[in-house]
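Okay, so the sequence shown: first residue is -4 according to the working numbering, each after it adds one.
Cβ coordinates follow ideal geometry from the N, Cα and C atoms, glycine included.
Notes follow the structure.
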Amino acid sequence: MVKRLANNEFQKALYTLLSGAGLTIFDVVPKTASLPYLIIGEDLEKLDNQNKDNDYKIIETSIEIFTDKKGFKKGKEIQEQVIQLLDSQPLILSNFSIEKIEETTYSNRNSKEFLLNGIDLEITLKQIS
């Protein structure tokens, strides 16, 4: 079996799920972007050393939710929407099966220009082809 990177395929599936639900997602945020929007953040892919074969990967990534400065309510509503989507809709991947998706951290931060809510995820995948 040819070893494959899981993070690109996972990010495409996550983008398809979230954008299909009407959420605005950017890789690079244009200057004309209006709030709210999401960014699928940096990711880290590593082998799952708990398994004896190397078919399992763990991806750590974040979803960053940018909203205006009228309070954290909107960002928390979007956080909840994202979690419900992840819990109820299957992510479609062709070379991997998703063994587990775990939300590890929820965060809410305030900056000068916007409010930032975040969700950190840890995903365990098994390569199937």
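Residue i versus residue j: straight-line alpha-carbon distance, rounded
i, j, result
"isoleucine 96", "glutamate 117", "6 Å"
"glutamate 72", "glycine 113", "12 Å"
"asparagine 103", "alanine 28", "21 Å"
"serine 82", "glycine 70", "The sequence given here places aspartate at residue 82; serine does not occur at that position. Approximately 18 Å between the Cα atoms of the pair."
"serine 124", "asparagine 3", "15 Å"
Beta-carbon gap between residue i and residue j smaller than 8 Å
i, j, result
"glutamate 16", "isoleucine 54", "The amino acid occupying residue 16 in the given sequence is alanine; glutamate does not appear at that position. No."
"glutamate 94", "lysine 68", "no"
"leucine 130", "lysine 52", "Within the shown structure, residues of the chain are numbered from -4 to 124, placing residue 130 beyond reach of any answer."
"threonine 56", "glycine 36", "yes"
Close beta carbons around residue i, own chain, < 8 Å, minus the five adjacent residues each side
i, result
"alanine 8", "Leu86, Ile87, Leu88"
"glycine 66", "Leu110"
Within-8 Å CB hit, residue i to chain B
i, result
"tyrosine 101", "You won't find chain B in this structure, because it holds only one protein chain."
Residues that DSSP places opposite residue i in a beta bridge
i, result
"glycine 17", "Its beta-bridge partners do not exist; DSSP assigns none."
"leucine 113", "Before going on, a small fix: residue 113 reads as glycine here, not leucine. Its beta-bridge partners are Glu59, Ser102."
"phenylalanine 91", "Gln122"
"isoleucine 96", "Ile118"
"glutamate 108", "Its beta-bridge partners do not exist; DSSP assigns none."
"glutamate 40", "Ile54"
"leucine 33", "Ile20, Ile60"
Cutoff 6 Å; reference residue i; Cβ partners in own chain excluding five residues on either side
i, result
"threonine 19", "Tyr32"
"aspartate 50", "Lys121, Gln122"
"threonine 99", "Asp115, Glu117"
Okay, do the stretch 58 to 76 and the stretch 20 to 32 touch, 3+ Cβ pairs below 8 Å being the bar? yes
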